[in-house]
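Just below is one structure, and these are the notes that go with it.
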Amino acid sequence: MNELDERAPKPGAQPLWTEGEFANVMHLIAKEQAPRLFAIVEEYGEREDARVAGYGLAHPHHVDVNSVEGDFHLVSQSPERARQLFGISAGSRGVRTHLVWLTNLPEGDEGEG
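Per this note's numbering, numbering of the sequence shown is gapless, rising by one per residue and ending at 474.
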């Protein structure tokens, strides 16, 4: 028996929620488990100019990042590690990389690397 078998409704059982209530439950579950969105931003000079190099999704145990050009995809352990990897190529051009969170941070978290 697997998890889906255990969750299967019993024959003749009444739904626990109305359609509207269940739609709200699904929304809350999806929102709670949604990955956090972030950007890797390259800084040129000393605060002279910047551009977004890639966007990422932070999942509980890994991150996915895609370059804005669409020619590079990265799976990493953490957003900070992804920023470091983007920084390897950018650093050779004298460019600094930053981690910019696009969703609200919990109190006390750092927003930049």
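Don't be surprised by glycine CBs; every beta carbon is placed ideally from N, CA and C.
Residue closest to residue i, alpha-carbon to alpha-carbon, out of the options
| i | options | result |
| --- | --- | --- |
| V461 | G381, I390, Q375, A419 | A419 |
| N427 | P421, L446, E367 | L446 |
| E441 | F433, D425, P370 | D425 |
Proximal residues to residue i (C-beta, below 7 angstroms), its chain only, five neighbours per side dropped
| i | result |
| --- | --- |
| E393 | none |
| E407 | none |
Check whether residue i and residue j have beta carbons under 8 angstroms apart
| i | j | result |
| --- | --- | --- |
| T464 | R444 | no |
| G415 | V429 | yes |
Cut-off 6 angstroms between Cβ atoms - residues of its own chain near residue i, not counting five sequence neighbours on either side
| i | result |
| --- | --- |
| R397 | A419, T464 |
Euclidean distance between Cα positions of residue i and residue j
| i | j | result |
| --- | --- | --- |
| N385 | E409 | 46 angstroms |
| K371 | S437 | 42 angstroms |
| G381 | R412 | 42 angstroms |
* Do the stretch 394-403 and the stretch 446-458 touch if we need at least three Cβ pairs shorter than 8 angstroms? -> yes
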